[in-house]
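First the structure, in the form of structure tokens, and then the observations on it.
Numbering (our numbering), first residue to last: 126 to 215.
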């Protein structure tokens, strides 16, 4: 599943446009973002602001976090996570 601070309407449009087959959850108030400490200081054009650090968390069937990826870059990341799951989630 994916989660962001975007609205449910925004998620619905994105899901439909991209033809996604998994849940997208909305955390508009940022509670889950705070819980996982993904709101961090960032810089853009020399200005500092608080923003979301793209992250991935892998959970086992018991709901325990078994792996976390911080400062994720999209290129190749899905393959890296899939490889981890194949090797470690048997």
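All C-beta atoms, glycine included, are put in the ideal place defined by N, C-alpha and C.
Classify residue i as buried or exposed, calling it buried when 16 or more other Cβ atoms lie within 10 Å of its own Cβ.
{"i": "residue 158", "result": "buried"}
{"i": "residue 165", "result": "exposed"}
{"i": "residue 191", "result": "exposed"}
Which class does residue i belong to by DSSP, given the choice of helix, strand or coil?
{"i": "residue 139", "result": "helix"}
{"i": "residue 96", "result": "Lying before the first or after the last residue shown, residue 96 is absent from the chain, which here runs from 126 to 215."}
{"i": "residue 154", "result": "coil"}
{"i": "residue 203", "result": "helix"}
{"i": "residue 189", "result": "coil"}
{"i": "residue 144", "result": "coil"}
So who's on the other strand from residue i, going by DSSP bridges?
{"i": "residue 165", "result": "176"}
{"i": "residue 130", "result": "Note: residue 130 sits in no beta bridge, so no partner."}
{"i": "residue 194", "result": "181"}
{"i": "residue 149", "result": "127"}
Below 8 Å on the Cβ atoms is my contact criterion, and I expect residue i with residue j to pass it. Report the Cβ-Cβ distance as a whole number of Å.
{"i": "residue 206", "j": "residue 181", "result": "6 Å"}
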